[in-house]
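The structure appears right after this line, and notes come after that.
Residue numbers (my numbering): 5 to 366.
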């Protein structure tokens with residue numbers, strides 16, 4: 005009886021190759037013996053289904069005739085080989101046995117230790133994150149800060165080679181200069197080979213004849229280092245600045261990144277509202293009625309003459325263009341929130357004047 009490969013993988017007959025691969029990856033990780041799976045027959049069935057449906061030619065044959073036929077690189081499963089009449093030799097591509105293209109590095113990267121697509125990623129140092137508090141004014145106009153950070157950095161003596169100055173590097177005998185070590189493991193499917201970075205040379209393929217006395221041959225050393233941080237104008241509280249390759253160094257590969265979380269101190273007068281600056285300005289009762297001109301100090305320390313027209317409400321807003329937060333080649337505005345300040349105590353003369361105003365209907 006013909007098996008329903010789509011049902012085996014739990015996908016629709018119109019499923020894309022990506023959907024088929026995802027379904028196979030999930031099931032294979034669940035049932036593979038090296039991952040603790042106990043249903044060997046189920047795993048073989050899943051693998052057989054994927055071998056057919058992942059190949060466009062064999063999938064067309066299966067959809068048309070209910071089976072895939074042998075021939076060429078896309079030969080269908082044969083009897084008398086592998087488990088249950090299924091030829092697992094076709095999965096040996098990349099392991100020195102030929103066969104069709106079937107990338108275990110892509111599908112079983114975390115099972116067998118291989119890298120995706122048979123390729124290894126370049127080693128990378130650890131990322132670092134720090135917090136930095138700055139004044140409100142510096143957040144608005146931008147600034148530069150220099151901080152002292154204790155981190156793993158490239159050795160100043162050997163410049164990362166790990167060798168004593170004046171000495172040579174020699175080929176690593178562990179990996180024969182390749183920087184990678186191949187490991188072979190036995191499985192129910194046969195032998196599988198994984199590749200990992202050589203720990204003897206840290207993937208460089210070279211080891212020093214004489215180790216650097218400063219870093220003991222590691223090429224890196226933990227030390228305090230000054231890092232210059234440019235803080236852009238208009239940065240907001242809680243925003244993050246990323247400094248590429250300013251994190252911890254590594255002997256072979258690139259350094260990690262440094263992430264700086266900025267904390268902005270509140271200002272005594274000004275507060276932020278998007279690209280605008282907002283401030284409160286108390287206005288005397290008489291000035292509110294008659295209007296006046298007041299002098300205020302802007303955030304950059306300049307004196308601004310602000311004309312206050314006769315107010316119609318107890319609270320009004322004035323806008324001073326171009327005195328807010330820098331935003332590209334422009335700036336937001338300064339919003340002045342006017343508030344009428346009522347006197348706490350009235351003299352006899354003042355009280356009479358207010359009573360006269362009341363008699364006028366004001």
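Note that beta-carbon positions come from the ideal geometry of N, C-alpha and C, so glycine has one too. It should be emphasised that the depicted structure is a prediction, and the values quoted were computed from it without experimental measurement.
C-alpha of residue 251 to C-alpha of residue 223: approximately 15 Å in a straight line. Nearest C-alpha to residue 267 among 242, 219, 31 and 167: 242. Rounded to whole angstroms, the Cβ separation of residue 235 and residue 178 is 46 Å, and the two are not in contact under 8 Å. When the beta-carbon positions are compared, residue 256 and residue 198 stay at least 8 Å from each other. Counting along the chain, residue 30 sits inside the alpha helix (DSSP H) bounded by residues 21–35. Residue 265 carries a strand assignment under DSSP once its states are collapsed to helix, strand and coil.
The continuous beta strand (DSSP E) containing residue 224 extends over residues 224–235.
DSSP lists 275 and 339 as the beta-bridge partner residues of residue 282. Annotated three-state conformation of residue 344 is strand, per DSSP. Taking 8 Å as the cut-off, the Cβ atoms of residue 331 and residue 363 do not count as close. The Cβ atoms of residue 239 and residue 281 do not sit closer than 8 Å to each other. Under DSSP, no beta-bridge partner is assigned to residue 358. Closest in C-alpha terms to residue 135, from the list 316, 149 and 30, comes 149. Counting along the chain, the unbroken beta strand (DSSP E) around residue 173 starts and ends at 173–175.
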